[in-house]
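Below: one structure, written as structure tokens.
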Amino acid sequence: MVIVTSIVATGAGLHVAASFIENETHIGPLATLFAVAIPVGVYLGTIYALYYYLVQSFVRLHAWLLMATAAVVVLAIIAALAGIDMAICLVILMLAPAVTVVGYEMLGHRHQTQALAYDEGPTVN
11 MVIVTSIVAT
21 GAGLHVAASF
31 IENETHIGPL
41 ATLFAVAIPV
51 GVYLGTIYAL
61 YYYLVQSFVR
71 LHAWLLMATA
81 AVVVLAIIAA
91 LAGIDMAICL
101 VILMLAPAVT
111 VVGYEMLGHR
121 HQTQALAYDE
131 GPTVN
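When we follow the working numbering, the leftmost residue of the sequence shown carries the number 11, and every step to the right adds one.
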């Protein structure tokens, strides 16, 4: 349920961002970016939590991917604080899920095979 809610909240945040870009809001750029960044962060965190719950395995790669993803979200927030255009901040934020996808496609298959082959309990590497 949290996944669906965060997706819906991301859409609502994007609506707020569109209104901000059209100068139809009374909130600042940081609040506007938070309207999108918080649901995106919740979604990404929930995906990692769901993976751990289902596979019962969490390797260092996942920690690095999660930290890199969080760093991109923080970079988008810093860009908004620095006064960079909202469209650019949203593009930076859009790259946050890409970190996880690219990292998994490059390195994650190896860990996925090991995690699925090992079914004797939870592992933390």
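Ideal Cβ placement from N, Cα and C applies to all residues, glycine included.
- When DSSP assignments are scanned along the stretch 61-130, the uninterrupted stretches of alpha helix (DSSP H) that are 4 or more residues long and fall wholly within it turn out to be 70-91, 96-113, 119-127.
- Remark: C-beta atoms of leucine 117 and leucine 71 approach each other more closely than 8 Å.
- Per DSSP, histidine 36 lies in no alpha helix (DSSP H) segment and is marked neither H nor E.
- Taking C-beta atoms as the reference points, alanine 80 and leucine 103 fail to come closer than 8 Å.
- Counting only residues of its own chain and dropping the five nearest sequence neighbours on each side, valine 83 has a CB closer than 6 Å to the CB of Ala47, Gly51, Ala106.
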